[in-house]
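**Student:** Here the sequence shown is numbered in the UniProt record's numbering, starting from 13 and rising by one per residue.
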Amino acid sequence: AADEAIFFSKLSKTNGTSNGTHVDKNEYDVLENYEGKYRFAPIEEAQVSRAMIKRYFNTMYERAVSDVVIIGAGSAGLSCAYHLGKSRPDLKVTIIEAGVAPGGGAWLGGQLMTPMVVRKPADRFLTEIGVPFEDEGPFVVVKHAALFTSTVLSRVLAMPNVVLMNATAVEDLIVREDFAGRQRVAGVVTNWTLVALNHDTQSCMDPNVITAPVIITATGHDGPMGAFSAKRLVSMGLLKELGNMRGLDMNRAEPAIVNGTREVAPGLIMTGMELSEHDGSNRMGPTFGAMMASGVKAATEAIRIFES
Ligand code: AHZ
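#1: Are there 16 or more other CB atoms within 10 angstroms of the CB of Leu206, so buried, or fewer, so exposed?
#2: Under 8 Å: does the beta carbon of Gly279 sit that close to some heavy atom of the ligand AHZ?
#3: Considering only heavy atoms of the ligand AHZ, does any lie closer than 8 Å to the CB of Glu109?
#4: Rounded to a whole number of angstroms, what is the C-alpha to C-alpha distance between Gly259 and Ser293?
#5: Checking 9 Å against the spacing of the C-beta atoms, do Thr229 and Ile107 come in under that value?
#6: Taking the alpha helix (DSSP H) that Glu266 falls in, what are its first and last residues?
#7: So, at 6 Å on beta carbons, what are the nonlocal neighbours of Pro287 in its own chain, with the 5 sequence-adjacent residues on each side left out?
#8: Would the segment 84–96 count as touching the segment 293–308 if we require 3 or more Cβ pairs under 8 Å?
#9: Could you tell me whether any non-hydrogen atom of the ligand AHZ is closer than 8 Å to the CB of His233?
#10: Quick one: complete beta strand (DSSP E) runs, 3+ long, within the segment 68–128?
#11: Which stretch, first to last residue, makes up the alpha helix (DSSP H) that contains Phe151?
#12: Quick check: is any heavy atom of the ligand AHZ less than 8 Å from the C-beta of Ser78?
#13: Please name the residue in Met128, Arg67, Pro225 whose C-alpha comes closest to that of Val187.
#14: Taking contact to mean 3 or more Cβ pairs, one atom from each stretch, closer than 8 Å, check whether the segment 172–191 and the segment 236–250 are in contact.
#15: Mind checking whether Ile122 and Pro298 have CB atoms under 9 Å apart?
#16: Do you know how far the Cα of Arg131 is from the Cα of Ala302?
#17: Just to confirm, is the Cβ distance from Val81 to Ile227 under 9 Å?
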């Protein structure tokens, strides 16, 4: 902080109108009239690094103990974060997303096409977050899936109690014995995803931990990282075997996912398509209402645990 003060004072000394570096606070408003004379407030390069490092590591420090960790920021994880963050602004909700770009599979409506189909009554979630749609009777259509994803993401990120750590993967679950001698999920082991992907080539890249009384897993169906917690439950012996996702059946799949959203192991709530691998339910293909409703249900399950 002392170094930063010195940077600032040096800068302000050389920042008068006389040397041409002064930036008028109204300059942004008159951008159209710039005629090639647009200027920025001066900065030291190290200030930029420090501005980021200080906040990033403060966040990691503060969130090492969270109230809820959500694993995966796809449509289910983000819908969950929205409902939880809004309903319980007192809870520290930390989202861990392996990808650089949060949103999972919801940047397209499926089949590489842009419109997103949402079956009723899950359109209520779209209305809640303010996403417009066309009404087709039993279902609605959002003109571009990215409109849904960017809206829910921006609503979630604006909440002061919600933190998103992207490019960060959950590598393991923390498990403790509770008072009754049962295994309880009590946190997650994380690492930067690029590190997590290179454990075979480098050693001593030890991971980090976040503890929380409630973990919500939303890592999607099987894939390079998908169904992470469901698979780990099996390898830890907390689940006998995976149900494995069945073939596509929209009418069976969507209610199965929403109604099956629950605490699958003590301390671990599962939501979204990860449940299809856990329970052996069908996939629904490109209809997203179940992801939204399942996310909301996972949030209400978490709230129930906190209130019990
Ligand atoms: O990067 C993953 C994605 O953004 C992230 N993720 C997976 N493993 C992780 C790990 N640590 C951190 N170990 C991890 N993050 O989880 C997110 C999952 O998003 P998704 O869009 O794949 O899943 P979802 O359940 O939210 O939505 C599923 C959407 C689908 S798939 C489908 C079908 O195949 O029929 N239909 C729908 C609607």
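Think of the CB as a built atom: it goes at the ideal place given N, C-alpha and C, for glycine as much as any other residue.
**Tutor:** Reading off the structure:
#1: For the purposes of this step, residue 206 is taken as the residue at position 194 of the sequence shown. Classification for Leu206: exposed.
#2: The residue labelled residue 279 in the question sits at position 267 within the sequence shown. Result no, Cβ not under 8 Å from the ligand AHZ.
#3: As a position in the sequence shown, residue 109 is number 97, starting the count at 1. Correct: Glu109 has its Cβ closer than 8 Å to the ligand AHZ.
#4: Sequence index remark: in the sequence shown, residue 259 carries index 247 (1-based). Sequence index remark: in the sequence shown, residue 293 carries index 281 (1-based). Cα to Cα, the separation comes out at about 8 Å.
#5: In the sequence shown, counting from the first residue as 1, residue 229 sits at position 217. In the sequence shown, counting from the first residue as 1, residue 107 sits at position 95. Not in contact: Thr229 and Ile107 (Cβ atoms no closer than 9 Å).
#6: The residue labelled residue 266 in the question sits at position 254 within the sequence shown. Run containing Glu266: 262–272, per the alpha helix (DSSP H) assignment.
#7: Counted from its first residue, the sequence shown places residue 287 at position 275. Checking the sequence, you will find Leu at residue 287 rather than Pro. Counting only Cβ-Cβ distances below 6 Å, and skipping sequence neighbours, we find Ile269, Gly272.
#8: yes
#9: Looking up residue 233 in the sequence shown gives position 221. His233 Cβ: within cutoff of the ligand AHZ.
#10: 80–83, 105–108
#11: Against the sequence shown, residue 151 aligns to sequence position 139. Careful: Phe151 lies outside any alpha helix (DSSP H), inside the beta strand (DSSP E) at 151–154.
#12: The count along the sequence shown starts at 1 and reaches residue 78 at position 66. No, the Cβ of Ser78 stays beyond 8 Å of every heavy atom of the ligand AHZ.
#13: Your numbering for residue 187 matches position 175 in the sequence shown. Residue Pro225 is the option with its Cα nearest to Val187.
#14: yes
#15: By one-based count along the sequence shown, residue 122 stands at place 110. By one-based count along the sequence shown, residue 298 stands at place 286. The displayed chain sequence assigns Gly, not Ile, to residue 122. For Gly122 and Pro298, yes; Cβs fall inside 9 Å.
#16: Counting from one through the sequence shown, the residue named residue 302 turns up at place 290. Counting from one through the sequence shown, the residue named residue 131 turns up at place 119. Whole-angstrom Cα-Cα distance: 8 Å.
#17: Taking the first residue of the sequence shown as 1, we reach residue 81 at position 69. Taking the first residue of the sequence shown as 1, we reach residue 227 at position 215. Yes, Cβ-Cβ distance for Val81 and Ile227 is below 9 Å.
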